[in-house]
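First comes the structure, then the notes that go with it.
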Amino acid sequence: MRGLSKTANLWALNDVVIPGATNQTLEISEQGDYTVTVSGLTHFDCIYISLLQTIVVLGVPEDFNVSVTTNTFANSHQVVTTATSSNPEIEFWYSLDNEELTADGTFDNELPEIHFVTITDGEGCWTYTEEVKLMDYPHFFTPNGDGINDTWAIIGQEGIPISKIYTFDRFRKIVKQLDPDGAGCDGTYNGSQMSASDYWFTIIYIEGAICTQKEFKAHFSIKR
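Residue numbers (my numbering): -9 to 214.
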């Protein structure tokens, strides 16, 4: 007479038996330590096998956003990054310009230039990087030919469409109309050096998803 051959499966999550989980396969929705105990009789010998598998739930966020909350021509800028998921077990981490990952996606006092914001699940399963262009203008420049701060141009001007840039002297006379794609003002006018003084400028640009035309006016200085 041959012995009986019958096996059973018993699944548990973090050492707690999952009610009704006795099949060979198990669908899961949360992370943790899963074990399955396989038991039965084979030729009257009792066999008990227990296996441990740690499951980490990962995935892309259901929604994520990268935005600049400060005005275009602010002296310093704030970048806010968020990512959300309905699964509370999933955590997202943020980094600006490949710096250390942080759980807080708010970055304050950032200088005007091109930045790169990264969102990740922290496990290397999902990563997203977005380029952020912060725009501003130099408050002064020193065109003395030393190769440092010799020209004046809008910082990050490639970040938004600019149609016109006008510069004026203190009598509101147009000194130059600058090419938005050019090198900027080099401190000369009609081949002569512009005097060390304050100058004004007007920039006309397009901003936002609905392409709103805006105008910004401010002043800068030439120092020699």
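Note that beta-carbon positions come from the ideal geometry of N, C-alpha and C, so glycine has one too.
Within-8 Å CB hit, Y84 to chain B: The structure shown contains no chain B, having only a single protein chain.
Segment limits, beta strand (DSSP E) that includes A73: Within the sequence shown, the letter at position 83 stands for residue 73. Looking at the DSSP string, the run of the beta strand (DSSP E) that includes A73 is 67 to 74.
Unbroken beta strand (DSSP E) run spanning E89, endpoints: In the sequence shown, the residue the question calls residue 89 occupies position 99. Careful: E89 lies outside any beta strand (DSSP E) and carries neither H nor E.
CB contact flag (G112, L91, <8 Å): The residue labelled residue 112 in the question sits at position 122 within the sequence shown. The residue labelled residue 91 in the question sits at position 101 within the sequence shown. G112 is a Cβ neighbour of L91, given a cutoff of 8 Å.
Cβ-based burial, P9 [other Cβ within 10 Å; buried from 16]: To locate residue 9, count along the sequence shown from 1; it is residue 19. The residue is exposed, with fewer than 16 neighbouring Cβ atoms inside 10 Å.
Environment of H129 [buried if 16+ CB atoms lie within 10 Å]: Position 139 of the sequence shown, counting from 1, holds the residue named residue 129. It is exposed - the Cβ of H129 has fewer than 16 other Cβ atoms within 10 Å.
Cβ pair count under 8 Å reaching 3, the region 182 to 198 against the region 151 to 159: yes
Nearest to S187 (by Cα), restricted to the options I152, N13, F131: In the sequence shown, residue 187 corresponds to position 197, counting from 1. Closest by alpha carbon: F131.
Helix, strand or coil at Q167 [DSSP, three-state]: For the purposes of this step, residue 167 is taken as the residue at position 177 of the sequence shown. Looking at Q167 - three-state DSSP - the assignment turns out to be strand.
Inter-residue CB distance, Y127 and A208 (contact presumed, cutoff 8 Å): Against the sequence shown, residue 127 aligns to sequence position 137. Against the sequence shown, residue 208 aligns to sequence position 218. Taking C-beta atoms under 8 Å as the contact rule, Y127 and A208 qualify, at a distance of about 7 Å.
Nearest-angstrom Cα separation, counted from G177 out to T212: In the sequence shown, the residue the question calls residue 212 occupies position 222. In the sequence shown, the residue the question calls residue 177 occupies position 187. It is Ile, not Thr, that sits at residue 212 in the sequence shown. If you take the alpha carbons of I212 and G177, they lie about 7 Å apart.
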